[in-house]
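For what it's worth, my numbering labels the leading residue of the sequence shown as 869, then goes sequentially. Ideal Cβ placement from N, Cα and C applies to all residues, glycine included. So the structure is just underneath, and the comments pick up after that.
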Amino acid sequence: MGKLTLIGVLTLLSSNFIVAEENVTYFYSHDENSAALVIEETQEEVNTTFEPLVEANQTLVTLETNETTVEPKVTPFEEALKQAKDEDKIIMLSIRAINCHYCDRMETETLVEDEVQEALEKDFITLHYNQDLEELPLGFSGGMTPNFIFVDKDENILQMYPGMRTPEQFMEVLNEILAM
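Here's what the structure looks like:
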């Protein structure tokens, strides 16, 4: 088989340069900060040496490619926004806090009423957030709770209604939003 000659020019950072490898012939020509390295191997030795490396590299590239094609995580608000566009609905952000007495009352007295639930299911997409535990969408920061923020399918804030409401008062709020 023929000989393969590889020549590489190395820039040395120090005067000490050590290379150890079997079945390789080395020749150094030294001038100031560089050296020429001549490596001679038979073609067969090169193929034997590099085939497993090429296969391993292809596997590595495949794994890297799979990792880079992972879809970014979609937030509940982004999902609700898509649904609002598809179904022509309004998003209602229901925001509460951990130790909020009026939040508890809204959830146990107002939002559980059949009339309120039917109206919410028909015309709204409801997202519940606890401002003490999670980041709020649209850059909102915590504030008075309970708070109900109504957002259209184009991310425009239609209205904010902080505070406790009876089922009748909350139905008025929902009807007011739908009339906009």
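Are residue i and residue j close, meaning C-beta to C-beta below 8 Å?
| i | j | result |
| --- | --- | --- |
| residue 963 | residue 1017 | yes |
| residue 1030 | residue 1015 | yes |
| residue 949 | residue 987 | no |
| residue 1008 | residue 958 | no |
| residue 978 | residue 1033 | yes |
| residue 1010 | residue 999 | yes |
Taking the DSSP output, what are the residues bridged to residue i?
| i | result |
| --- | --- |
| residue 1019 | 959, 1025 |
| residue 1005 | DSSP, once it has assigned bridges, lists no residue as partnering residue 1005. |
| residue 994 | 960 |
| residue 1030 | 1015 |
Just checking my contact of residue i with residue j at CB under 8 Å: how many whole Å lie between their CB atoms?
| i | j | result |
| --- | --- | --- |
| residue 944 | residue 984 | Rounded, the Cβ-Cβ distance is 21 Å, inconsistent with contact. |
| residue 994 | residue 960 | 5 Å |
Among the options, whose alpha-carbon lies nearest the alpha-carbon of residue i?
| i | options | result |
| --- | --- | --- |
| residue 956 | 972, 981, 940, 989 | 989 |
| residue 974 | 1027, 1037, 1047, 951 | 1037 |
| residue 982 | 999, 1039, 1003 | 1039 |
| residue 954 | 998, 1028, 1020 | 1020 |
| residue 1022 | 952, 997, 1047 | 952 |
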